[in-house]
């Protein structure tokens, strides 16, 4: 029987970590408001790479943005080989024109 692994954040340790993060964030924002505001633009810029890393799981990663479902049953090695061949063809076409 296959069991689905639950998220770390839903375990007792994960919930305790979330509580600690929330409490630290609250006191940082309340007690050190002046210090936080000066770094806010940098925090927003820092959020971009983290969102890119952690939020790509919802749409299947980087492969196939333009051709959804076209190569679903393809193995990683086959996909790599196909991409390599397509890249070589594009490179040849670019040099001939």
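Numbering (UniProt numbering), first residue to last: 1 to 97.
Cβ coordinates follow ideal geometry from the N, Cα and C atoms, glycine included.
Remember, predicted model here, so these are calculated numbers, not experimental data.
- For residue 37, the enclosing alpha helix (DSSP H) starts and ends at 33–54.
- Assignment of residue 74 by DSSP, reduced to helix, strand and coil, places it in the coil class.
- Residue 29 places its beta carbon less than 9 Å from that of residue 36.
- The Cβ atoms of residue 7 and residue 14 sit closer than 9 Å to each other.
- Rounded to the nearest angstrom, the Cβ distance from residue 18 to residue 9 is 6 Å, consistent with a contact under 8 Å.
- Assignment of residue 13 by DSSP, reduced to helix, strand and coil, places it in the helix class.
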